[in-house]
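Engineer: Residues 12 to 593 in my numbering are what the sequence shown spells out, letter by letter.
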Amino acid sequence: MKKLTKIISKLMLAMMFFSYIISPLVVSAAIKYYGKVIASDGLSVREGPGTSYEKIGELAYNTEVELTSGSPASISGCSGGWYAINYDGKNAYICGSYISKYSKSSGNTVASTDYEKELERLGFPATYWDYLIELHEKHPNWQFEAVQTGLDWSNSVALESVVGVSLIETNYDGWKSTAPGSYDPNTKTFKVLEGSTWYAAAPGVVAYYMDPRNFLDEKHVFMFEKLNYDAAYQSEDAVRNVFGGGNMGDYASTFVNAGSTYNANPIYLASRVRQEVGVNRGDSKATSGAEFTYDGKPYSGLYNVYNIGATTGSSPVLKGLVWANGGADGSSTTYGRPWRSIESSIKGGAEFIASSYIGQGQYTNYFQRFNVAPNSAYKALTHGYMTNIKAVFSESVSTYNSYEKMNLLDNNFKFAIPVYNNMPQNTTLPDTGFDPNSVSSEDVSTPQSPTVDSNAVVNSIGLKTDGTYISGVKEGMSVDSFVTSLRNNGAEVSTKCHDNLATGDTFVINGKTYTVILYGDLNADSKISLGDLVQSKKYILGYNNLNDNNQKAADINKDGKISLTDLVAMKKKILNIADIEQ
12 MKKLTKIISK LMLAMMFFSY IISPLVVSAA IKYYGKVIAS DGLSVREGPG
62 TSYEKIGELA YNTEVELTSG SPASISGCSG GWYAINYDGK NAYICGSYIS
112 KYSKSSGNTV ASTDYEKELE RLGFPATYWD YLIELHEKHP NWQFEAVQTG
162 LDWSNSVALE SVVGVSLIET NYDGWKSTAP GSYDPNTKTF KVLEGSTWYA
212 AAPGVVAYYM DPRNFLDEKH VFMFEKLNYD AAYQSEDAVR NVFGGGNMGD
262 YASTFVNAGS TYNANPIYLA SRVRQEVGVN RGDSKATSGA EFTYDGKPYS
312 GLYNVYNIGA TTGSSPVLKG LVWANGGADG SSTTYGRPWR SIESSIKGGA
362 EFIASSYIGQ GQYTNYFQRF NVAPNSAYKA LTHGYMTNIK AVFSESVSTY
412 NSYEKMNLLD NNFKFAIPVY NNMPQNTTLP DTGFDPNSVS SEDVSTPQSP
462 TVDSNAVVNS IGLKTDGTYI SGVKEGMSVD SFVTSLRNNG AEVSTKCHDN
512 LATGDTFVIN GKTYTVILYG DLNADSKISL GDLVQSKKYI LGYNNLNDNN
562 QKAADINKDG KISLTDLVAM KKKILNIADI EQ
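1. Compute the Euclidean distance between the alpha carbons of G337 and V216, then round it to the nearest angstrom.
2. Give the list of continuous alpha helix (DSSP H) stretches no shorter than 4 residues that lie fully inside the stretch 273-346.
3. Among the residues of its own chain, which have a CB less than 6 Å from the CB of E362, if the five just before and after it don't count?
4. Relative to the C-alpha of N534, which candidate in T517, Y554, A565 and G553 has its C-alpha closest?
5. Any idea what DSSP makes of T479, helix, strand or coil?
6. Could you check if K563 is buried or exposed, using at least 16 other CB atoms within 10 Å of its CB as the buried criterion?
7. On the three-state DSSP scale, how would you describe D559?
8. Ordered along the chain, which non-local residues of its own chain (more than five positions away) have a Cβ less than 8 Å from that of K187?
9. Can you give me the start and stop residues for the beta strand (DSSP E) that E205 sits inside?
10. If you draw a straight line from the alpha carbon of S521 to that of V527, how long is it in whole angstroms?
11. Over what stretch of residues does the alpha helix (DSSP H) that includes F445 continue unbroken?
12. Taking Cβ to Cβ, would you say V494 is nearer than 8 Å to L512?
13. Taking the alpha-carbon positions, what's the G473 to G483 distance?
14. By the 10 Å Cβ neighbour count, where 16 or more other Cβ atoms means buried, how is Y314 classified, buried or exposed?
15. Where in the stretch 210-239 do unbroken runs of the beta strand (DSSP E), each at least 3 residues long, occur, reported from the N-terminal end onward?
16. Alpha carbon to alpha carbon, how far is S505 from Y389?
17. If we require 4 or more residues per run, which alpha helix (DSSP H) segments fall completely within the stretch 358-418?
18. Mapping the DSSP letters down to three states, classify K485 as helix, strand or coil.
19. Based on the DSSP output, what are the partners of V430 in its beta bridges?
20. Using only alpha-carbon positions, find the residue among V232, S282, Y64 and S246 that is nearest to M417.
21. Could you give the residue range of the beta strand (DSSP E) that holds A95?
22. Could you spell out the range, first to last residue, of the alpha helix (DSSP H) harbouring T576?
23. Quick one: give me the first and last residue of the beta strand (DSSP E) that V174 is part of.
24. Among the residues of its own chain, which have a CB less than 6 Å from the CB of V519, if the five just before and after it don't count?
25. Roughly how many angstroms separate the alpha carbons of P604 and V48, rounded to a whole number?
26. Determine the closest residue to A391 out of P196, Q159, S90 and Y64, with distance taken between C-alpha atoms.
27. For Y530, which residues from the same chain have a beta carbon less than 6 Å from its beta carbon, with the 5 sequence-adjacent residues on both sides left out?
28. In angstroms with no decimal places, state the Cα-to-Cα distance between K582 and S367.
29. When we look at the beta-carbon of R57 and count the other beta-carbons within 10 Å, is it buried (16 or more) or exposed?
30. What did DSSP end up calling R57 once you bin it into helix, strand or coil?
31. Suppose the cutoff is 6 Å on Cβ atoms and the five residues either side in sequence are ignored; what does the same chain contact list for S574 look like?
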């Protein structure tokens with residue numbers, strides 16, 4: 012009997028061991044990816060990932076096909092990337108530019124219920140989980156942060172769909188906006204807004220490229236990478252790889268030095284340059300230094316590798332070069348302008364991007380295209396770096412490819428992924444065809460800015476205001492939660508503040524500026540501590556001065572003066588004897 016018991020025990024242990032070994036194989040099918048053919052004349056199927064490979068078949072318009080992976084195998088010759096499929100029992104490839112990619116859950120495929128709970132704790136809705144779980148299984152060192160934008164999804168898409176805000180280079184009429192200023196129903200023609208093939212993007216296209224869930228795969232997730240400098244992996248070789256042998260890689264050391272100086276990821280800077288001007292010096296007028304004429308005035312010897320100032324309209328690249336000159340008269344000398352070399356353009360542009368975007372709350376590629384970060388210094392859904400709706404899609408692949416070639420994908424990357432209110436279950440690209448008789452269903456009305464009273468919205472989230480100062484905040488209350496609460500109640504908010512609320516923090520709410528007062532926090536570190544008590548005591552004794560905000564914060568009992576009574580109240584708070592009424 013004892014021998015039988017031992018045999019059973021060994022069998023049970025063996026079963027437990029093998030179930031442990033094979034369990035990771037079961038969860039590898041977390042998501043199934045599909046593509047629907049959107050090319051009206053069909054889509055070629057090729058033996059390999061490129062147009063040089065033999066065509067072995069064709070998929071008709073609207074055909075649904077399962078993709079072998081959610082990430083493209085290559086982007087050579089296809090900006091949308093080449094996706095692997097199973098075609099007649101063979102491995103084959105199709106160009107992702109001509110499919111609408113989406114995914115379907117294959118059931119309960121969570122690798123660990125603990126990780127699913129962790130994603131929920133972080134604030135990710137369930138529709139994000141499968142993608143993040145799959146990424147976590149491949150790269151356990153990657154860290155994901157849910158950024159609650161506090162913005163309504165439909166309204167955000169509508170704002171980005173206003174004509175001129177989001178452009179797409181396409182010949183598909185179904186992807187072009189039919190809003191006034193983009194489409195003329197009388198002539199049944201679409202208006203070119205830039206170059207010869209750039210049009211206002213239709214709301215369905217905007218929604219697809221705004222939806223973070225469509226890009227939570229191994230390559231495109233890098234549009235959410237935090238863009239701060241890290242010498243551990245942001246090397247010259249990694250920058251050179253971005254340009255794939257092009258001579259812009261000769262400036263790798265300049266990119267790294269600029270990134271180090273201005274706390275910006277040089278690989279991201281290089282990817283931005285590749286997107287804007289190509290991989291070789293001279294591929295664009297922005298890097299040729301050639302003579303040109305703009306508004307009747309001749310210029311020469313100017314460079315603008317990031318195309319800063321190249322706003323939508325006629326001759327945007329030339330407009331950017333005039334910006335690089337410091338304006339038509341050359342009077343603007345910020346960021347080291349005029350830029351008369353590739354090097355000065357790389358350095359000055361890095362300073363501009365770091366100070367105007369990364370350092371102002373737009374600290375991912377996604378946030379620079381869609382400004383929805385709650386701690387952005389600018390009004391939500393304004394201050395976009397570019398109008399190209401697909402730009403960050405392409406740049407993220409360049410970044411990934413560089414990291415992969417350098418074997419850097421197992422670094423501790425940090426990704427800030429936005430979450431909107433009232434998101435749909437999923438989004439897909441619209442059909443490429445267009446029926447002129449259905450224009451009214453596509454019309455876009457420009458959303459109006461909220462008219463809610465700013466004082467009322469502050470009061471609505473449980474805080475107090477006299478129209479100038481905001482009080483009632485809790486010690487340790489985060490800026491993100493404060494901004495999100497205001498936006499959830501219909502307010503437009505902008506700020507340069509980060510981390511936790513502190514005395515002196517300023518916010519613009521529906522166009523009106525407010526200053527935060529945390530009573531007892533005199534040194535603006537968002538805490539009430541011995542340092543604050545010392546400052547108040549010195550002020551009472553006449554040893555130091557306090558500015559207006561700090562004087563208000565030191566007046567604990569709100570009687571209009573700073574006295575021993577206020578010191579006692581601060582001391583009780585520090586000793587955890589009594590709280591301060593905020």
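All residues carry an ideal CB built from backbone N, CA and C; glycine is no exception. These numbers come from a predicted model, not from an experiment.
Structural biologist: From the atom records:
1. 36 Å
2. 277-288 and 327-335
3. Y273 and Y346
4. A565
5. coil
6. buried
7. helix
8. I179, T181, S193, Y194, F201, Y210, A211, A212, A213 and F445
9. Element bounds for E205: n/a, residue is neither H nor E.
10. With the sequence shown as reference, residue 521 is identified as Asn, and Ser is not the correct amino acid for it. Between N521 and V527, the C-alpha separation is close to 16 Å.
11. Segment: none, F445 is in no alpha helix (DSSP H) and carries neither H nor E.
12. no
13. 8 Å
14. buried
15. none
16. 5 Å
17. 376-380 and 402-416
18. coil
19. For V430, DSSP records a beta bridge to Q159.
20. S246
21. W93 to Y98
22. L575 to I585
23. Per DSSP, V174 lies in no beta strand (DSSP E) segment and is marked neither H nor E.
24. S505
25. Only positions 12 to 593 of the chain appear in this structure, which leaves residue 604 out of reach.
26. Q159
27. A564, I567, I591 and Q593
28. 41 Å
29. buried
30. Strand at R57.
31. none
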